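Visitor: My numbering runs 125 ahead of the 1-based position in the sequence shown.
Idealized CB from N, CA, C, for every residue including glycine.
Just so it is clear, the structure is predicted and the values come from calculations on it, not from any experiment.
Got a structure here, written out as structure tokens. Questions coming.
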Amino acid sequence: MLEVVIKYNPYKVISEITVNGETPKDNSKIKQYLNQRFQMWVDLLPALLAEEYNDDEMAVTFYGTELDYQDLYAALKAEEKKNGIQFKVDKRPAKEFGDKENDIRNLFKKVQELPFEELQSPAVVNAFELAFNELLEVNVVATMSAGKSTLINALLGKKLMPSKAGACTATITRIQDNDDPNYKATVYDESGSEIGHYPELDYKTMVGLNKDKDTSKIEVLGDIPFVKSDEVSLVLIDTPGPDNAEEKKHGLVTAKALDQSSKMLVLFVMNGGKLHDVAQDDFLRRIAKSMSVGGKQSRERFLFVINKMDDYNDEDDDIKGETIPGTIKYLEEMGIENPNIFPASAQTALLIRRYLKCCDEEEKNKLWEEVQSKANKLVNHEQLHLEQYAKLPRSCQEKIDGELEIALSEGDILGQALVHSGIRGIEETIRMYVTKYCRPAKITNVVNTFIHKLDDAEAFEKTKKEIASRKDEQIELEKVINILTEKLTSQVENNAFKEKIENLNIESELEEKLDTLIMDTESPITLCFDGCPKEMEEYAAKNFIQGFETLVTQKQNEFQVKVDYLLLEDIQVKGQRLLDEYIQKLIAISDECGLKGIHIDLSSFVRGKLASLNTNAALVNSVDSRIETHTEERSRTITKRRRGLDRLLHPLNWFDPEYQVIEYYDVDVEEEIRYINSEKLRLQLFAPVRKSLLEERSRILQFAKGETENIKNYFYSQFAEVDAFLIKKTNELNNVVHSQKASEEALEEAKCLLEKLEAIKRELELILDI
Numbered sequence: 126m127l128e129v130v131i132k133y134n135p136y137k138v139i140s141e142i143t144v145n146g147e148t149p150k151d152n153s154k155i156k157q158y159l160n161q162r163f164q165m166w167v168d169l170l171p172a173l174l175a176e177e178y179n180d181d182e183m184a185v186t187f188y189g190t191e192l193d194y195q196d197l198y199a200a201l202k203a204e205e206k207k208n209g210i211q212f213k214v215d216k217r218p219a220k221e222f223g224d225k226e227n228d229i230r231n232l233f234k235k236v237q238e239l240p241f242e243e244l245q246s247p248a249v250v251n252a253f254e255l256a257f258n259e260l261l262e263v264n265v266v267a268t269m270s271a272g273k274s275t276l277i278n279a280l281l282g283k284k285l286m287p288s289k290a291g292a293c294t295a296t297i298t299r300i301q302d303n304d305d306p307n308y309k310a311t312v313y314d315e316s317g318s319e320i321g322h323y324p325e326l327d328y329k330t331m332v333g334l335n336k337d338k339d340t341s342k343i344e345v346l347g348d349i350p351f352v353k354s355d356e357v358s359l360v361l362i363d364t365p366g367p368d369n370a371e372e373k374k375h376g377l378v379t380a381k382a383l384d385q386s387s388k389m390l391v392l393f394v395m396n397g398g399k400l401h402d403v404a405q406d407d408f409l410r411r412i413a414k415s416m417s418v419g420g421k422q423s424r425e426r427f428l429f430v431i432n433k434m435d436d437y438n439d440e441d442d443d444i445k446g447e448t449i450p451g452t453i454k455y456l457e458e459m460g461i462e463n464p465n466i467f468p469a470s471a472q473t474a475l476l477i478r479r480y481l482k483c484c485d486e487e488e489k490n491k492l493w494e495e496v497q498s499k500a501n502k503l504v505n506h507e508q509l510h511l512e513q514y515a516k517l518p519r520s521c522q523e524k525i526d527g528e529l530e531i532a533l534s535e536g537d538i539l540g541q542a543l544v545h546s547g548i549r550g551i552e553e554t555i556r557m558y559v560t561k562y563c564r565p566a567k568i569t570n571v572v573n574t575f576i577h578k579l580d581d582a583e584a585f586e587k588t589k590k591e592i593a594s595r596k597d598e599q600i601e602l603e604k605v606i607n608i609l610t611e612k613l614t615s616q617v618e619n620n621a622f623k624e625k626i627e628n629l630n631i632e633s634e635l636e637e638k639l640d641t642l643i644m645d646t647e648s649p650i651t652l653c654f655d656g657c658p659k660e661m662e663e664y665a666a667k668n669f670i671q672g673f674e675t676l677v678t679q680k681q682n683e684f685q686v687k688v689d690y691l692l693l694e695d696i697q698v699k700g701q702r703l704l705d706e707y708i709q710k711l712i713a714i715s716d717e718c719g720l721k722g723i724h725i726d727l728s729s730f731v732r733g734k735l736a737s738l739n740t741n742a743a744l745v746n747s748v749d750s751r752i753e754t755h756t757e758e759r760s761r762t763i764t765k766r767r768r769g770l771d772r773l774l775h776p777l778n779w780f781d782p783e784y785q786v787i788e789y790y791d792v793d794v795e796e797e798i799r800y801i802n803s804e805k806l807r808l809q810l811f812a813p814v815r816k817s818l819l820e821e822r823s824r825i826l827q828f829a830k831g832e833t834e835n836i837k838n839y840f841y842s843q844f845a846e847v848d849a850f851l852i853k854k855t856n857e858l859n860n861v862v863h864s865q866k867a868s869e870e871a872l873e874e875a876k877c878l879l880e881k882l883e884a885i886k887r888e889l890e891l892i893l894d895i
């Protein structure tokens, strides 16, 4: 029997495997996976072990978290069932994510008790809490009538979001999990000012808020049942869809979600009865572009829900043979490879959960009338067992299968239908992303940030210890420290560096980048007119303007995101350059006594907004008329009389000689034809686009120019603060060499503090071990 030991560290994303005490050989297929996330290849591992070591009995010992063990166990059992290989599995105890987070908080409390002002400042405490409470956002997007609000309500297990078509078009709603079943909301207007607070939020209130034109954003706190807030701060974001035209600025939220650097999950809801849609197609192409960057994890943050699957029936529809392959083909045509597809019936899931939670007998009876037929339909039609189509990690699938088995054994029709609705697969996928990607990454980030802060304190204590231990060099050291203090306070040194800050210029490089960005933005908009006929009827022009407006809105949002990135990039590059020069200054000044530089975190700055386009007047100003001549065939009725032989040859006219005939003739007719001149339309539509882009360019450069002063002042104050801190530290060092007694006390204090710091750092580093 092979002895296999598997260790997976989700914090460092490293796997270690030994077989009978030896690591895999260099040509082993297993080697290529050891630095990848365990979930990405754990299903392959049992077969790889069997293939490479040619043994049908293995004792597997696993070191890692319970979640990763579940994935491994499921994969091993599947291989047992498939190929008859016997696995004896043992999991060694390991601290879970919650334990690690508690350890970090306890260590932070220990550090707060140490005599380091720099580790007790409000800024450090705030940074620590921000890192710990980082939000994971799920942006839910859909075209009209796809059932987005119903899906969100199904995930919440209650009817909260208005689902009437058009009811949610003007508002962004953010729902943050806090495990509280009682929902409350704070409402903001377009300027970001708070305009209302609702301690008890319900569906009726939400309908009213969405109808209120002053409402721009609703921040909701309440329970998202399938996750726990102590695991992650999950936020569901409901935004207007890609075909929404009421609030173009809200598209920026979605555009940001698609940015390649975003960690946001995107839940794209499609109408199962209407997969092809122009606005949806454009949006899917943008998703494809984002998915092409960032590898597998980037692709996994996009989930595609095919909603309203309960409308399908056995006679007309083949979900497995046509709908799923057809959807995959459609998404591939949009540029999306290997999409994560989740067929679902959000309406059925919502009705079931509302019914199960309902306490009012009358309302419960009404809900039963709705839910009964839908639940029975899902249960009685095998192709509507929607959970079978989603590709889930084996452990997630087994969890859902277990829920179904319980419902079957208990004859629970609603429990069965809830699983068949597909909602559980969506929830488990989101939960997996949260727990297996985001939570360990958050812990790693907090620990590394913490260690860097301790490194600064440790560096000073080591210097103090070294100075205090050189008892025979006190006079020389005092001179060195005095020189160091003089240089830190030197007007010559400070003025030289201030001049570098004064020469800071953000707009110079930004101007060229903006011109390129404007050209890239204009190009697809101008191409929109290629192939456009010179003349269009009004209905065709209206359709053209609608498509044009959708394209411009998309490009507008992309432009804003890129401008934001350009500003941030330019500020960060210039700021980092200043920081590097400042550190070099410190290194140069402190070389004589070996003092290190200090790191300053940079802050990001805001971006501008594009002015909204006004294309409503474009149609009126593009209407022309002309006098067009064409030939029409007309007719008239003429009465004639038959005479003589002609009358004799027509017996019907013997008694009445009159008869009627229809005579046809051609006439030239002039009429006024109204049409749309496409060249005028181009000028009407494109001129405001170019004007707004150029105005935005000017405004951004003006903003950058004005913001340069703020950035300069920021660096002046930050570097002055660091200088003051360093002067304070050099004064402390000066006190160390002031007398023999002071040196001895400082030496003991430094030794004691260094021991405590080293102990805390060891504990911190152990947190990232399994």
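Please name the residue, chosen from Leu281, Ser316 and Leu602, that lies closest to Val345 on a Cα-to-Cα basis.
Guide: Residue numbering aside, residue 345 sits at position 220 when the sequence shown is read from its first letter. When only C-alpha atoms are compared, the closest one is Leu281.
Visitor: For the beta strand (DSSP E) containing Met183, list its first residue and its last residue.
Guide: Position 58 of the sequence shown holds residue 183. Where Met183 is concerned, the enclosing beta strand (DSSP E) stretches over Glu182 to Tyr188.
Visitor: Please confirm whether Leu851 and Glu586 have their CB atoms less than 8 Å apart.
Guide: On the sequence shown, residue 851 is found 726 positions in, with the first residue counted as 1. On the sequence shown, residue 586 is found 461 positions in, with the first residue counted as 1. Not a contact, by the Cβ cut-off of 8 Å.
Visitor: Cα separation between Met644 and Lys680?
Guide: As a first step, residue 644 is located in the sequence shown; it is residue number 519 there, counting from the start. As a first step, residue 680 is located in the sequence shown; it is residue number 555 there, counting from the start. So the two alpha carbons sit approximately 12 Å from each other.
Visitor: Can at least three beta-carbon pairs, one atom from the stretch 565-579 and one from the stretch 832-845, be found at a separation below 8 Å?
Guide: Contact between the stretch 565-579 and the stretch 832-845 is absent, because fewer than three Cβ pairs lie under 8 Å.
Visitor: Can you tell me whether Arg822 is helix, strand or coil according to DSSP?
Guide: Counting from one through the sequence shown, the residue named residue 822 turns up at place 697. Arg822 falls in the helix class under three-state DSSP.
Visitor: Helix, strand or coil for Gly223 per DSSP?
Guide: Start at 1 with the first residue of the sequence shown, and residue 223 comes out as number 98. Correct three-state label for Gly223: helix.
Visitor: Using a Cβ-Cβ cut-off of 6 Å (strictly less than) and excluding sequence neighbours within five positions of His510, which residues of its own chain qualify?
Guide: Here residue 510 refers to the residue found at position 385 when the sequence shown is read from its first residue. Cβ neighbours of His510 beyond the five flanking positions: His545.
Visitor: Cα separation between Ile477 and Lys206?
Guide: Working through the sequence shown from its first residue, we reach residue 477 at position 352. Working through the sequence shown from its first residue, we reach residue 206 at position 81. About 35 Å.
Visitor: Rounded to the nearest angstrom, what separates Glu141 and Lys132 at their Cα positions?
Guide: Indexing the sequence shown from 1 puts residue 141 at position 16. Indexing the sequence shown from 1 puts residue 132 at position 7. Straight-line Cα distance between these residues: approximately 5 Å.
Visitor: On a CA-only basis, which of Leu503, Leu818, Lys853 and Leu613 is nearest Asn438? Give me that one, please.
Guide: As a first step, residue 438 must be located in the sequence shown, where it is residue number 313. The shortest Cα separation from Asn438 among Leu503, Leu818, Lys853 and Leu613 belongs to Leu503.
Visitor: Is it true that the stretch 173-181 meets the stretch 140-159, where meeting means three or more beta-carbon pairs spaced less than 8 Å apart?
Guide: Output reads yes: the stretch 140-159 touches the stretch 173-181.
Visitor: Alpha carbons only, please: which of Leu392, Val352, Asn838 and Ser823 is nearest the one belonging to Leu635?
Guide: The residue given as residue 635 occupies position 510 in the sequence shown. Of Leu392, Val352, Asn838 and Ser823, the residue nearest in Cα terms is Ser823.
Visitor: Which residue marks the beginning of the beta strand (DSSP E) containing Ser140, and which one marks its end?
Guide: Residue mapping note: residue 140 aligns to position 15 of the sequence shown, counting from 1. Note, Ser140: beta strand (DSSP E), Ile139 to Val144.
Visitor: Are the CB atoms of Pro464 and Tyr514 nearer to each other than 8 Å?
Guide: Position 339 of the sequence shown, counted from the first residue, corresponds to residue 464. Position 389 of the sequence shown, counted from the first residue, corresponds to residue 514. No; because the gap between Cβ atoms is not below 8 Å, this pair is not in contact.
Visitor: Residue range of the alpha helix (DSSP H) that Met395 falls in?
Guide: What you label residue 395 is simply residue 270 of the sequence shown in a count that begins at 1. Premise fails: Met395 lies in the beta strand (DSSP E), Leu390 to Asn396, not in any alpha helix (DSSP H).
Visitor: So, at 7 Å on beta carbons, what are the nonlocal neighbours of Thr473 in its own chain, with the 5 sequence-adjacent residues on each side left out?
Guide: Against the sequence shown, residue 473 aligns to sequence position 348. Excluding residues within five positions, the ones whose Cβ falls inside 7 Å are Asp435, Lys499, Ala500, Leu503, Ala542 and Ser546.
Visitor: Under 8 Å, do Ile525 and Arg556 count as touching if we go by C-beta distance?
Guide: Along the sequence shown, read from residue 1 onward, the residue named residue 525 stands at position 400. Along the sequence shown, read from residue 1 onward, the residue named residue 556 stands at position 431. Against a cut-off of 8 Å, the Cβ pair of Arg556 and Ile525 comes out as no contact.
Visitor: Less than 8 Å separating the beta-carbons of Lys137 and Leu893?
Guide: Mapped onto the sequence shown, residue 137 falls at position 12. Mapped onto the sequence shown, residue 893 falls at position 768. Taking 8 Å as the Cβ cut-off, Lys137 and Leu893 qualify as a contacting pair.
Visitor: Using DSSP bridges, identify the partner residues of Arg299.
Guide: As a first step, residue 299 must be located in the sequence shown, where it is residue number 174. Answer by DSSP bridge pairing, in chain order: Glu344 and Ile362.
Visitor: First and last residue of the beta strand (DSSP E) that includes Lys353?
Guide: Position 228 of the sequence shown, counting from 1, holds the residue named residue 353. Per DSSP, Lys353 belongs to no beta strand (DSSP E) and is neither H nor E.
Visitor: Note down the Cα distance separating Gln157 from Thr186, rounded to an integer number of angstroms.
Guide: Here the question's residue 157 lines up with position 32 in the sequence shown. Here the question's residue 186 lines up with position 61 in the sequence shown. When rounded, the distance between both Cα atoms is 21 Å.
Visitor: Shorter than 7 Å, the distance from the beta carbon of Leu511 to the closest heavy atom of the ligand ZN, or not?
Guide: Only the bare structure without any ligand can be found here, which leaves the ligand ZN out of the picture.
Visitor: Looking at Val360: is its Cβ nearer than 8 Å to the Cβ of Leu261?
Guide: As a working note, residue 360 is residue 235 in the sequence shown. As a working note, residue 261 is residue 136 in the sequence shown. Yes. Within cutoff.
Visitor: Beta-carbon within less than 7 Å of Gln245's beta-carbon, same chain only, minus the 5 sequence neighbours each way: which residues are those?
Guide: Along the sequence shown, read from residue 1 onward, the residue named residue 245 stands at position 120. These residues qualify, in order along the chain: Gln237.
Visitor: DSSP three-state label for Gly550, please.
Guide: One-based indexing of the sequence shown puts residue 550 at position 425. Helix, per DSSP.
Visitor: Short check: CB of Ser341 to CB of Thr311, under 8 Å?
Guide: For the purposes of this step, residue 341 is identified with residue 216 of the sequence shown, where counting begins at 1. For the purposes of this step, residue 311 is identified with residue 186 of the sequence shown, where counting begins at 1. Against a cut-off of 8 Å, the Cβ pair of Thr311 and Ser341 comes out as no contact.
Visitor: My assumption, with CB atoms under 8 Å, is that Pro287 sits in contact with Ser274. Please give the rounded CB distance.
Guide: If you number the sequence shown from 1, residue 287 lands on position 162. If you number the sequence shown from 1, residue 274 lands on position 149. So it is a contact: roughly 6 Å between Cβ atoms.
Visitor: May I ask you to report which of helix, strand or coil DSSP gives Phe241?
Guide: What you label residue 241 is simply residue 116 of the sequence shown in a count that begins at 1. Residue state, collapsed to three classes: coil.
Visitor: Give the DSSP-derived three-state secondary structure of Asn628 in the structure shown.
Guide: Taking the first residue of the sequence shown as 1, we reach residue 628 at position 503. Three-state result, Asn628: coil.
Visitor: Can you give me the start and stop residues for the alpha helix (DSSP H) that Val897 sits inside?
Guide: Because the chain in this structure spans residues 126 to 895, residue 897 falls outside the shown range and cannot be described.
Visitor: List the residues that DSSP assigns as beta-bridge partners of Phe212.
Guide: Your numbering for residue 212 matches position 87 in the sequence shown. Met183, per the DSSP bridge assignment.
Visitor: Tyr308 lies in the beta strand (DSSP E); which residues open and close that run?
Guide: Taking the sequence shown and counting its residues from 1, one reaches residue 308 at position 183. Here Tyr308 belongs to no beta strand (DSSP E), and DSSP marks it neither H nor E.
Visitor: Could you tell me the distance, in whole angstroms, from the CA atom of Leu639 to the CA atom of Ile836?
Guide: Counting from 1 along the sequence shown, the entry for residue 639 is found at position 514. Counting from 1 along the sequence shown, the entry for residue 836 is found at position 711. The alpha-carbon atoms of Leu639 and Ile836 are separated by roughly 20 Å.
Visitor: Pull up the distance between the alpha-carbon of Asp363 and that of Val265, whole angstroms please.
Guide: As a first step, residue 363 is located in the sequence shown; it is residue number 238 there, counting from the start. As a first step, residue 265 is located in the sequence shown; it is residue number 140 there, counting from the start. Cα to Cα, the separation comes out at about 5 Å.
Visitor: Mapping the DSSP letters down to three states, classify Glu462 as helix, strand or coil.
Guide: Here residue 462 refers to the residue found at position 337 of the sequence shown. Three-state result, Glu462: coil.
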